[in-house]
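The sequence shown begins at 887 in the working numbering and counts up one residue at a time.
Think of the CB as a built atom: it goes at the ideal place given N, C-alpha and C, for glycine as much as any other residue.
Being a predicted model, the structure only gives us computed values, none of them experimental.
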Amino acid sequence: MEKNNDIKQLKRKAIEIRRDTLTMLSKAGSGHTGGSLSIVEILIALYYGKMNISCKNFRCRDRDKFILSKGHGCPALYAVLADLKFFPKKELWSLRTMNSRLQGHPQLGLPGLEISSGSLGQGLSVAEGIALADKMDGINARVYCLMGDGETNEGQVWEAAMTAAHYKLDNICGIIDHNKLQIDGHCCEIMDLGEYRKKWENFGWHVIETDGHDIEALRKAIDDASEIKGKPQIIIAHTVKGKGVSFIENRAEWHGIAPNEDELKKAFEELDKAEKELER
Ligand SMILES: Cc1ncc(C[n+]2csc(CCOP(=O)(O)OP(=O)(O)O)c2C)c(N)n1
C-alpha cells in the first residue's frame, strides 16, 4: 500500500490522473468522460493511503477490495491502477481497442480488477458477497463499492441495501458519486432520488456526506466509516460531473463522448493552470 499523506502531492496526482484519463479517451475516440472525471479524488483517497491494496498483495486474501459498480467510469480507475504499477502504463493507450485488456467497461483479466462490471446496479450485491465471505472466514478487510447516483435507480441496489443491513455487514462501505447527472440529464428529472440520505438511513446504513473532490474530507469520511460497528456505511460524495475541465463540467452531453484533439489541448491548458496554482 502506498501511504501518502501529503495532500498537495495527492492533488497533483489527481491532475495527472485527469490528464491520463482524457488522453486515453481522446486516443480511443469514445468513452465516458464526465463520469470518469467525477471519481478521480474518490479513487485517489482510497488507493493512495486508505485501502490495504497494492500490486504486491493483490492475491492476498486479506487485502481490501474495490468494486467499480459504475463500470463506465473505468478510464480513471485504469489510470490509477497503471500509476500503481498493476500493469504497464503504455497499456493505457490501448483503451477500447481489439484484444486490449482495457475495455470500455472493466473486464476480468486486467490486474487490479475484482470483477467485470458496467451493467449498472450489480456491484453492491457482488461487494456484499465478498464482504460476507470475508466475515465468515474471519478475514479482517474492508470492501468498497463505488456507484453512480443514477445507477441507484436500479432496484437491485435497494435489495442489496436491505441485505447488507440484515447481515450487519460493517466491513462494507458504499460510495456514491453524487454528481446529480446521469446519461441524458438531471437525476431529479429522470428519476428523483428524493430524500437520499434518509433513504439509506431507513435501509439501515450509517450515512456520511462529504465533498467528493476534497481529498482530506474523503480520507476522513473513509476513516470515520471504518469505525462504525454493526452497520454497513455509505459515503455520499457530492461531486461535479466532468470535474476539472470547465467546458465538460456539469454537462450531461459529455456523459458518453471523448474529447477530440482540440478539446484535449484546451483541457490540458486548464489542468496545467490548476497545477501551477497548486504550487503557489
Ligand atoms: C443496467 C444498465 N442500464 C443502462 C446502462 C447504460 N448506462 C450507462 S451509464 C448510465 C447512466 C448512469 O448514471 P450515473 O450512475 O449517475 O453515472 P455518472 O453520471 O456518474 O456517469 C446508463 C443508463 C447500463 N450501463 N447498465
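Span separating the alpha-carbon of residue i from that of residue j
i: E1161; j: I901; result: 7 Å
i: K971; j: P997; result: 9 Å
i: L954; j: R1166; result: 34 Å
i: R1137; j: M1022; result: 44 Å
i: L967; j: F973; result: 7 Å
i: K1159; j: S1011; result: 41 Å
i: D1097; j: I1025; result: 31 Å
i: E888; j: I903; result: Here E888 scores only 46 on pLDDT, less than 50, and its place in the model is too uncertain to base an answer on.
i: E927; j: H1099; result: 5 Å
i: A1144; j: M937; result: 30 Å
i: I1062; j: R1083; result: 11 Å
i: Y934; j: L896; result: 8 Å
i: A1107; j: P1118; result: 14 Å
i: G959; j: G917; result: 9 Å
i: E859; j: S922; result: No answer is possible for residue 859: it lies beyond the span of the chain, which begins at 887 and ends at 1166.
i: R1105; j: M984; result: 37 Å
i: W1044; j: C1073; result: 17 Å
i: L929; j: V1093; result: 19 Å
i: L1018; j: L1164; result: 42 Å
i: D948; j: E1102; result: 26 Å
i: P992; j: T909; result: 18 Å
i: A1050; j: N1039; result: 18 Å
i: F1154; j: E1139; result: 20 Å
i: I1134; j: G1080; result: 26 Å
i: K1113; j: F944; result: The amino acid occupying residue 1113 in the given sequence is Glu; Lys does not appear at that position. Going from the Cα of E1113 to the Cα of F944 covers about 24 Å.
i: A1027; j: L1067; result: 32 Å
i: C941; j: D1109; result: 22 Å
i: A843; j: R987; result: In the structure as shown, the chain starts at 887 and stops at 1166, and residue 843 therefore has no counterpart that could be examined.
i: M1048; j: W1091; result: 9 Å
Residue i burial status per 10 Å Cβ neighbour count (16 or more: buried)
i: D1035; result: buried
i: K1129; result: buried
i: C946; result: exposed
i: N832; result: Residue 832 lies beyond the range of the chain shown here (887 to 1166); nothing can be said about it.
i: E1037; result: buried
i: K1226; result: Residue coverage of the chain in this structure runs from 887 to 1166, which leaves residue 1226 outside it and unanswerable.
i: G995; result: exposed
i: K976; result: exposed
i: I851; result: Since the first and last residues shown for the chain are 887 and 1166, residue 851 lies out of range.
i: L932; result: buried
i: D906; result: buried
i: G1007; result: buried
i: G915; result: exposed
i: G1071; result: exposed
Contact belief for residue i with residue j at Cβ below 8 Å, rounded distance in angstroms
i: K956; j: M1033; result: 6 Å
i: H1141; j: I1069; result: 5 Å
i: N1088; j: S924; result: At roughly 26 Å, the Cβ-Cβ gap does not stay under 8 Å, so N1088 and S924 are not in contact.
i: D1020; j: K1115; result: Actually they are not in contact, since the Cβ atoms of D1020 and K1115 sit about 15 Å apart, beyond 8 Å.
i: E1156; j: V1131; result: 6 Å
i: K913; j: W979; result: 5 Å
Cut-off 6 Å between Cβ atoms - residues of its own chain near residue i, not counting five sequence neighbours on either side
i: K951; result: E1000, I1016, V1029
i: G1009; result: I953, S955, S1003, C1031
i: E1149; result: none
i: L911; result: G917, T919, P961, A1144
i: I1122; result: I1062, H1064, E1095
i: G1041; result: none
i: W1086; result: V1093, I1120
Near ligand 3: residue i beta-carbon under 8 Å from a heavy atom
i: L1006; result: Because ligand 3 does not appear in the structure shown, any question about it cannot be addressed here, the ligands present being ligand 1.
Nonlocal neighbours in the same chain, by C-beta distance under 7 Å from residue i, ignoring five residues either side
i: A1013; result: I953, V1029, C1031, I1058
i: Q989; result: R982
i: A1046; result: L1010, S1011, E1014
i: Y1053; result: L1018
Contact with chain B by residue i, beta-carbon distance below 9 Å
i: R982; result: The displayed structure is made up of one protein chain only, and chain B is not part of it.
Task: beta strand (DSSP E) runs wholly inside the region 1085-1138, at least 3 long, in chain order - done: DSSP runs (the beta strand (DSSP E)) wholly in the region 1085-1138: 1092-1097, 1119-1124.
- [ ] Would you list, in sequence order, the uninterrupted alpha helix (DSSP H) runs of no fewer than 4 residues that lie entirely inside the region 1046-1089?
- [x] Fully enclosed alpha helix (DSSP H) runs of no fewer than 4 residues occupy 1073-1076, 1082-1088 of the region 1046-1089, in order along the chain.
Task: beta strand (DSSP E) runs wholly inside the region 922-958, at least 3 long, in chain order - done: Secondary structure within the region 922-958: the beta strand (DSSP E) runs of 3 or more consecutive residues, fully enclosed, are 951-954 (chain order).
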